[in-house]
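Single-structure report; data block below.
Numbering (our numbering), first residue to last: 279 to 462.
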């Protein structure tokens with residue numbers, strides 16, 4: 279499956295490299311939410327998340343002329359963001375987040391209170407289990423399961439081989455399955 283917006287992203291990157299602020303702003307609009315989701319899962323401090331995403335785009339703007347197109351623009355941006363997350367961890371250790379992986383399921387008129395409570399309890403358990411994963415496993419799991427990137431893309435972002443990314447993902451899945459056994 280080709281990356282979402284692959285050709286359009288490459289056109290935008292080329293235009294941004296030629297100095298088009300509008301093209302770069304479109305890249306920010308297209309990929310900012312995914313980078314924010316990733317950074318939010320990797321650090322708890324909301325100010326740090328905003329700073330990480332902003333620093334990612336500042337670095338991308340400065341480096342856009344060096345983008346060779348060996349990977350998708352999104353993969354390139356995730357790699358920059360992953361480095362910024364790592365840099366922020368060097369400054370202070372990340373604390374697991376407590377917001378939701380998925381937006382809370384609203385209790386519609388047809389849903390039973392039991393279903394609503396079960397869904398909320400599952401999401402709480404999932405958040406707790408994710409927060410306890412080692413940072414690299416959590417990063418791989420997030421990029422693979424939430425952002426739906428391939429193992430080569432995840433490896434490229436996190437400076438791992440595709441097999442190492444697959445291994446971290448497997449360990450994360452096994453841990454999550456064990457921790458969430460009661461929900462099976």
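For glycine and all other residues, C-beta sits at the position ideal for the given N, C-alpha and C.
| Asked | Found |
| --- | --- |
| Span separating the alpha-carbon of residue 374 from that of residue 455 | Interpretation of residue 374 is limited by its pLDDT of 49, a score under 50 that renders its predicted location unreliable; the figure taken from the coordinates is listed afterwards. Each residue's alpha carbon lies about 19 Å from the other. |
| Under the three-state DSSP convention, the category residue 445 falls into | helix |
| Residue 422, buried or exposed, once every other Cβ within 10 Å from all chains shown has been counted against 16 | buried |
| Proximal residues to residue 318 (C-beta, below 6 Å), its chain only, five neighbours per side dropped | 327 |
| Residue 321 versus residue 400: straight-line alpha-carbon distance, rounded | 21 Å |
| Proximity of residue 316 and residue 420 at Cβ, strictly below 8 Å | yes |
| Nearest-angstrom beta carbon gap, residue 424 and residue 353 [assumed within contact, 8 Å] | Contact doesn't hold; Cβ gap of about 15 Å is too wide. |
| Residue burial classification, residue 306 (beta-carbon count within 10 angstroms, cutoff 16) | buried |
| Local Cβ density within 10 Å of residue 387, reported as buried at 16 or more and exposed below that | Low per-residue confidence applies at residue 387: pLDDT is 49, beneath 50, and the placement is therefore not dependable, though the value from the model is reported in the following sentence. That one is exposed. |
| Secondary structure, beta strand (DSSP E): runs of 3+ residues fully inside the segment 318–366 | none |
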